[in-house]
Amino acid sequence: MKHFINLNDVSDVKELVLEGLHQKANPLANQNLGKNKTIGLIFFNSSLRTRISTQKAAINLGMDVIVMNVGSDSWQLEFEDGVIMDQGKAEHIKEAAAVLGQYCDIIGVRAFAEFKSQEDDYREIVLESFRKYAGVPIVNLESATRHPCQSLADLITIEELKTRTRPKVVLTWVPHFKALPQAVANSFAEWVNETDYDFVITHPEGYDLAPQFVKNAKVTYSQEEAFADADFIYAKNWSSYSQYGQVLSQDPDWRITPEKMALTHNANFMHCLPVRRGLKVADEVLDSPQSAVIQQAGNRVWSVQAALKKILEEL
Amino acid sequence: MKHFINLNDVSDVKELVLEGLHQKANPLANQNLGKNKTIGLIFFNSSLRTRISTQKAAINLGMDVIVMNVGSDSWQLEFEDGVIMDQGKAEHIKEAAAVLGQYCDIIGVRAFAEFKSQEDDYREIVLESFRKYAGVPIVNLESATRHPCQSLADLITIEELKTRTRPKVVLTWVPHFKALPQAVANSFAEWVNETDYDFVITHPEGYDLAPQFVKNAKVTYSQEEAFADADFIYAKNWSSYSQYGQVLSQDPDWRITPEKMALTHNANFMHCLPVRRGLKVADEVLDSPQSAVIQQAGNRVWSVQAALKKILEEL
Amino acid sequence: MKHFINLNDVSDVKELVLEGLHQKANPLANQNLGKNKTIGLIFFNSSLRTRISTQKAAINLGMDVIVMNVGSDSWQLEFEDGVIMDQGKAEHIKEAAAVLGQYCDIIGVRAFAEFKSQEDDYREIVLESFRKYAGVPIVNLESATRHPCQSLADLITIEELKTRTRPKVVLTWVPHFKALPQAVANSFAEWVNETDYDFVITHPEGYDLAPQFVKNAKVTYSQEEAFADADFIYAKNWSSYSQYGQVLSQDPDWRITPEKMALTHNANFMHCLPVRRGLKVADEVLDSPQSAVIQQAGNRVWSVQAALKKILEEL
């Protein structure tokens, strides 16, 4: 694998899921693969799971890790071509990425949607600039529109927990007062669409994800209908794509409750975390044995470790 | 040792002090003990000594280290049960601790007193939540009411420097304009009370520490009386416990001066650092050969290294 | 080498440049030299290249690395002697440096000019305090008046690229709207003055560097005259030394353009980065094959690796 930015970089999703399960069973089996190789982790935004699970995975593979917060540790970066840089941004991505490529064998980058422009966010200017200018493999630690490390961990978790060959997997919107990115939802849809799961997306009107992520998934505005016989409930808030970045609804009826979980086929509850208890999901659901959120978060190590292994093998 | 949160986690203080001295004499003797083990250091507050000495100790034991500042690197955390998380805090400690426990074999946590409520601070909600939810050993890197890594280093330093079998050890309040936590003073008292030293605490009226820390130590409001024949002067400011978090006095007469040190049995001067020169203690005292503050800070490595060794042995 | 703070710490510049080239050719040849040695990197200011290249160099030499941002990670430091510390600064450099010296075998420090006082900046109070109090070797990661890791990388780059035995090297001021330190320009002049290159400095009136850095270099206020037959154009903005810290000119005629580069002997373009495209230099120059800025930044690893090797050999 050359990069791990979006699904196009992955030749075989199923094999990558199996690699994740294999890494989980044998965490230190490839300790020599990353020896004397350095991964730089560049954060434009906060992180807990991604920050630490990626460090852990890299360490498991024998790599050296350098972490940097853009903005507090270093300079603000400019991404537009041809501008006269006479404002707050001190360095252009052309130089920053190329320089980081001089120091690091692999670069991981987190850069959330900025919500200034749908077009800018959806052309993935930060991650694609790193791909273009760094000269080394890039790992997406959550970009404006995708979070592949999360999605791969999600599939690993479903594979571990599924009790039917073809589980019914439901991605449900849940309420939130802030405008959150679509990245996790987009990415989950993109990856599940590569499997043969029975996949349903449910959300209020106005919250349809971009068509390139939805593809042929079933979409319903009835959460109740979606939950019927479901094996996995994947809850996530996102802001509107069509009315870009807007909060059109905070409807508390979309919260996940024990009553709603009772409609399912004893489904596991999933969420990428962090999750706001009470607001998006009832404590009783998160604290129930059916909650898979900690296992899911734990699988973040094996997800990124699988991706890094694939990249290291081709370095 | 399962955790290193407070003195109840320690079975034998004297043996742990000896282990610290042993680690100092043989810093790299246990380099294999921590191999392929990861410690996560989680800072809710600033740190210099603790941050770096803990990293150094972990490295000496062969561990991998991951450091995270809560708030700037990651999300603000909620600690209360049953709340609807519709404010600034994006993640609950239940998830955060459990997730960190998935990535780390040991977790160190620094979380100062917030001074919003004596009850909240003294029930040690942050550290005890990590103990409850992380599922891995927790090391206290200074909590609301205690700083055991510091106290153990203090005892190691006294053992190195004492010239009498049963030295007279004086904990003295010194003035400061800010409301500082009681943690270092509490903890020092708690640990010294486990020794057979002659232990005296001196401070202005209104500054009595909580009874569970003072126990049977002698307490006097006369600094002069306390200093007579002392072998160790341990200076520290703290805010009032009874009028919780208040600055009742900034009396400059409580500053440590060469004249006061002359009352002692050629005592060593100790302070946990950082120390505000001139305000709490005269330059002449800090710059004298009797000042042990740098040695004491250096011993922070061996203190936490001893604790980590005990924890690693039972992992 | 005992320290790497300024040129006085270096016994033989040419040999150090050769060592840099040697490290570049053999990055892992000295992996055992730094084993079980810890370098602490202390940042009072932002950093990208220095932060990451120094970590990479230390890793290449087998060292353990601890990074700390002063102010956000730890406390604000006091540098003046004899003050009563009753303001915002919680710790004195006397303690902070001595304590860091207890934990680290080598300390790297970045502390920019503060522009409050020319005298304070030019006596290098931060770096010299570390030299005085830390008790271990200090590496200058850019100080108020110097940036030797950069200058050594610059000389390494010139040695790699020069096509004439005695190249003409031009340091040219370029416009900027902010008051930038003189450190990079000072240091470049200081180091080039140790070589036998034909060295010319050009800038508008009022921008003369301090005489101890200029020495016998040719100085001209005519950029055009300076560029004639030049082999290397080293662009950098700095604020006025004589009218200390002031921006006397933002004259866009001093920008580097393809037309100006055409005056040279097919010169390489150099800049320490970050560089503001359009403002200081035209995109066409930065994107031309003659631009050496990425190679120059890459050489930052070998520069500091050479210096660290020299220090480690004498530890």
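Protein chains in written order, with this note's numbering: chain A, 1 to 315; chain B, 1001 to 1315; chain C, 2001 to 2315.
Every residue gets a Cβ at the ideal spot worked out from N, C-alpha and C, and that includes glycine.
As the structure is a computational prediction, the values presented were derived from the model and not from experiment.
Chain-ordered chain B contacts of A/Gln55 [CB-CB under 7 Å]: Under the 7 Å cutoff, chain B gives Ile1066.
Endpoints, the beta strand (DSSP E) within which A/Ala235 is located: From DSSP, the beta strand (DSSP E) with A/Ala235 extends over Phe232 to Lys236.
Supposed close pair B/Arg1255, C/His2092 - CB separation, criterion 8 Å: In fact, because the Cβ distance is near 16 Å, the residues do not count as touching under 8 Å.
Cβ-based neighbour list, B/Thr1054, same chain, cut-off 7 Å, excluding 5 preceding and 5 following: Cβ neighbours of B/Thr1054 within its own chain (closer than 7 Å, five residues either side excluded): Leu1041, Gly1108, Leu1141 and Val1304.
Below-9 Å beta-carbon distance, C/Leu2315 vs any chain B residue: So, not an interface residue.
Per-residue contacts from C/Leu2048 into chain A (C-beta, under 9 Å): Near C/Leu2048 (Cβ distances below 9 Å), the residues of chain A are Met68, Val70, Asp73, Ser74, Trp75, Glu91, Ala96, Val99 and Leu100.
Range covered by the alpha helix (DSSP H) that runs through B/Leu1161: Counting along the chain, B/Leu1161 sits inside the alpha helix (DSSP H) bounded by residues Pro1148 to Leu1161.
Cα-Cα separation, B/Gln1223 to B/Glu1078: B/Glu1078 has its alpha-carbon roughly 42 Å from the corresponding atom of B/Gln1223.
B/Ile1066 and A/Lys56 closer than 9 Å at C-beta: A/Lys56 is positioned such that its CB atom lies closer than 9 Å to that of B/Ile1066.
As assigned by DSSP and simplified to three states, the class of C/Ser2072: Of the three classes helix, strand and coil, the one that applies to C/Ser2072 here is coil, per DSSP.
Any chain B beta carbon closer than 9 Å to A/Phe269: Output row for A/Phe269: interface = no.
Backbone secondary structure at B/Leu1041 - three-state DSSP: Of the three classes helix, strand and coil, the one that applies to B/Leu1041 here is strand, per DSSP.
Distance between C/Tyr2241 and C/Ala2210 (C-alpha atoms, nearest Å): Between the alpha carbons of C/Ala2210 and C/Tyr2241 lies a distance of about 7 Å.
Neighbour-count burial assignment, A/Pro148, 16 or more Cβ in a 10 Å radius: That one is buried.
Beta-ladder partner(s) of B/Phe1213, from DSSP: Under DSSP, no beta-bridge partner is assigned to B/Phe1213.
Cβ of C/Val2336 within 9 Å of any chain B Cβ: Given that chain C is displayed from residue 2001 to residue 2315, the structure contains no residue 2336 of chain C and the question cannot be resolved.
Short-range partners of chain A found in the region 2195-2207 of chain C, where Cβ spacing is below 9 Å: Flagged: no residues at all.
Contacts that B/Pro1274 makes with chain E (C-beta to C-beta distance below 7 Å): Annotation note: the requested chain E is absent from the structure, which comprises protein chains A, B and C.
Candidates B/Leu1308, B/Glu1119 and B/Leu1315: closest to B/Leu1061 by CA position: When each option's Cα is compared against that of B/Leu1061, the closest is B/Leu1308.
Members of the region 278-311 of chain A near chain B, C-beta cut-off 9 Å: For the region 278-311 of chain A, the set of residues with a beta-carbon nearer than 9 Å to any beta-carbon of chain B comprises Gly278, Leu279, Lys280, Asp283, Leu286, Asp287, Val293, Ile294, Gln295, Ala297, Gly298, Asn299, Arg300 and Val301, in chain order.
Spatial neighbours of A/Lys280 in its chain, beta-carbon cut-off 8 Å, leaving aside the 5 residues before and after: Correct list, in chain order: Val174, Pro175, His176, Ala235, Asn237, Arg255, Ile256 and His271.
B/His1092 - DSSP class collapsed to helix/strand/coil: For B/His1092, the three-state secondary structure derived from DSSP is strand.
Own chain partners of C/Tyr2221 with C-beta closer than 8 Å, once the 5 adjacent residues on each side are dropped: Counting only Cβ-Cβ distances below 8 Å, and skipping sequence neighbours, we find Thr2202, His2203, Pro2204 and Glu2205.
The region 2088-2107 of chain C in contact with the region 1284-1301 of chain B per 3-pair CB rule at 8 Å: Contact between the region 2088-2107 of chain C and the region 1284-1301 of chain B is established, with three or more Cβ pairs separated by less than 8 Å.
Within 9 Å, strictly: CB atoms of A/Asp64 and C/Ile2052: With respect to C/Ile2052, A/Asp64 sits apart: the two C-beta atoms are not nearer than 9 Å.
Contacts around A/Glu314, its chain only, beta-carbon distance under 6 Å, and the 5 residues preceding and following it disregarded: Its chain contains no residue whose beta carbon lies nearer than 6 Å to that of A/Glu314 once the 5 sequence neighbours on both sides are disregarded.
Where A/Phe115 meets chain B, residues with beta-carbon distance less than 7 Å: The contacting residues do not exist; A/Phe115 stays about 17 Å from chain B at best.
Distance, A/Lys132 Cα to B/Val1275 Cα: Inter-residue distance for B/Val1275 and A/Lys132 is about 50 Å (C-alpha atoms, whole angstroms).
Nearest-angstrom Cβ-Cβ length linking C/Phe2044 and C/Val2070, presumed shorter than 8 Å: The pair is a contact, with the Cβ atoms about 5 Å apart (cut-off 8 Å).
Near-chain B residues of the region 168-191 of chain A (beta-carbon distance less than 7 Å), N- to C-terminal order: Taking 7 Å as the upper bound on Cβ-Cβ separation, chain B lies near residues Phe177 of the region 168-191 of chain A.
9 Å Cβ cutoff, B/Ile1106 in contact with chain C: For B/Ile1106, the answer is no, since every Cβ of chain C falls outside 9 Å of its Cβ.
Beta-carbon spacing of C/Ala2185, C/Phe2213 below 9 Å: A contact, by the Cβ cut-off of 9 Å.
Presumed contact (8 Å Cβ cut-off) between B/Ala1226 and B/Thr1172, rounded CB distance: B/Ala1226 to B/Thr1172, Cβ: 6 Å. Contact.
Chain-order list of residues whose beta-carbon lies under 6 Å from that of C/Thr2050 (same chain, five-residue window excluded): Counting only Cβ-Cβ distances below 6 Å, and skipping sequence neighbours, we find Leu2141.
Inter-residue spacing [alpha-carbon to alpha-carbon] between C/Gln2250 and C/Ile2125: C-alpha separation (whole angstroms): 30 Å.
Buried versus exposed, by CB contacts within 10 Å (16 or more), A/Lys168: Answer is buried; the Cβ neighbour count reaches 16.
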